[in-house]
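Yeah, the sequence shown ends on 1140 if you go by our numbering, and it's all consecutive. Reading through the structure tokens given below for one structure.
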Amino acid sequence: MASMKNKSDKSSKKAETAALSKQGDRALAKPKRILTIHDLEQGILKLFPAATAEAWDRTGLLVGEGGLPAERICIALDPTVETIRMAASVGASVLITHHPAYLEAPDKFAPENSVALATGANVWEAIRSKVALMCFHTALDVSRQAQTVLPNMLGIQPRGKVVEPLSGSSSKGYGQICSVAKGKGKKIALSELSARCVSVFGRMPRVWGSPDKELATVVTCTGSAGDTGKAALAAGADALICGEIKYHEALALSDAGMAIIELGHDTSEFPLTAVLAQACVQVGINEQSIVILDQPNTWYTPEAIRL
């Protein structure tokens, strides 16, 4: 009987040891990996590769320590000194912008309120405030995600083609070709599309072309039009919707019969901040940790002011 009891005690102890071992495994489980600023940069670069950016552009992390945690994230169009201070005030460790903090390396770093006073004023402020600066400019511009932003906002249909495709790509590039015709091929007037732009963006665009000009095919382009206007004309577009365009370029294109709706550079590109926010979520940032900073009233038209 004593022998049976000893065997039972040994079995019980083995069971207890096994149970404790399992509890220990749970207690010593590896914690969830913390996303670093470097991880965030690399994740977004997979969506908007630096190789697709213009050679003169800056892409990715420009200021900051990659090994630090990417905690609260702010997103804006421009990395101005004021915007960096806004990011710091809400506890952000990273400010992601569309436009770069600089293209050419700054020649002066000083605690000024504007890069007009010191070209590296924003870099100084970022370091002082411990806010990393990251940008995705032309790499974002040419992406499929960015190409559909203006068409979706204006209720027109992108055809999945661009007038200035990147080398080796049929879908990435500048100038989205869109259909604006209503049911059964019925065209809409330039005045109607212009009014739609006012309704959507809340700002008066500059319009070139006869208000009653009928439109079926429109090319959209955020930011500066560059050579996209000529490419749109060559593609047979009825109109170009862009952020901005040079006067003589617009004059020549309108003389050739193509209408132009010029929204304003920032007006056309601010919606891209939502694309950057979604990219952060895809990489693994909690949506509640992302703040989009508005930069309203950078400029205004006096006609819009009611006294």
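All residues carry an ideal CB built from backbone N, CA and C; glycine is no exception. Nothing here was measured: the structure is a model prediction, and the numbers come from that model.
According to DSSP, simplified to helix, strand and coil, what is residue i?
i	result
Pro1129	coil
Ala1058	coil
Phe881	coil
Met1037	coil
Met1091	coil
Thr930	strand
Gly876	helix
Val1124	strand
Val1108	helix
Tyr1080	helix
Val1116	helix
Ser1012	strand
Lys1063	helix
Ala943	coil
Thr981	coil
Glu1025	helix
Val923	coil
Ala959	helix
Pro1135	helix
Leu1141	What is shown of the chain runs 834 to 1140, which leaves residue 1141 out entirely.
Glu915	helix
Gly857	Only weak support exists for where Gly857 lies, its pLDDT of 49 falling under 50; the value from the coordinates is given anyway. If DSSP states are grouped into helix, strand and coil, Gly857 belongs with the helices.
Glu997	strand
Ile870	helix
Measuring only the C-alpha atoms, how far is residue i from residue j?
i	j	result
Ala1083	Gly1042	10 Å
Ala888	Leu973	14 Å
Leu999	Gln980	13 Å
Asn955	Ala1049	44 Å
Ser1087	Ile1093	7 Å
Trp1132	Ser1101	14 Å
Ser922	Lys963	11 Å
Ile1123	Ala903	11 Å
Gly993	Gln1009	7 Å
Glu1025	Gln990	16 Å
Leu1096	Ser1057	10 Å
Leu987	Ala1110	21 Å
Met1091	Pro882	33 Å
Ala1072	Leu901	47 Å
Ala943	Leu950	9 Å
Glu945	Tyr935	15 Å
Ser1027	Pro1038	7 Å
Lys1020	Gly924	50 Å
Arg1036	Tyr1080	19 Å
Ile1118	Ala1089	48 Å
Glu997	Thr971	13 Å
Leu880	Ala1064	26 Å
Thr1055	Arg961	32 Å
Ala1070	Val995	11 Å
Arg866	Leu1105	29 Å
Asp1060	Trp957	35 Å
For residue i, is the classification buried or exposed, using 16 other Cβ atoms within 10 angstroms of its Cβ as the cut-off for buried?
i	result
Lys941	exposed
Arg891	buried
Val1114	exposed
Ile929	buried
Gly1076	buried
Thr1053	buried
Thr1134	exposed
Glu937	exposed
Val1031	exposed
Ile1074	buried
Gly1062	buried
Asn1130	exposed
Ala1067	exposed
Ile1078	buried
Here's a check: name, in chain order, each residue in its chain whose Cβ is nearer than 8 Å to the Cβ of residue i, leaving out the five neighbours to either side.
i	result
Gln1128	Ala909, Leu910, Asp911, Thr913, Thr916, Asp1099, Phe1103
Ala1022	Pro1044, Asp1045, Lys1046, Glu1047, Leu1048
Gly953	Tyr935, Pro939, Asp940, Lys941, Phe942, Ala943
Cys968	Arg891, Thr892, Gly893, Leu895, Pro912, Ile929, Thr930, His931, His932, Pro933, Ala934
Cys1011	Pro984, Ile989, Gln990, Pro991, Arg992, Thr1050, Val1051, Val1052, Thr1053
Please go through the same chain and pick out, in chain order, the residues whose beta-carbon is closer than 7 Å to the beta-carbon of residue i, but skip the five residues on each side of it.
i	result
Val1147	With the chain represented from 834 up to 1140, any question about residue 1147 goes unanswered, as that position is not in the structure.
Glu1120	Val1114
Val975	Thr885, Leu999, Lys1005, Gly1006, Tyr1007
Val1116	Leu873, Gly876, Ile877
Sorted by chain position, which residues of the same chain lie with C-beta nearer than 6 Å to residue i's C-beta, five sequence neighbours on each side aside?
i	result
Ala959	Val896, Ile917, Leu966
Gly899	Ile870, His871
Cys907	Ala920, Ala925, Leu928, Val1124, Leu1126
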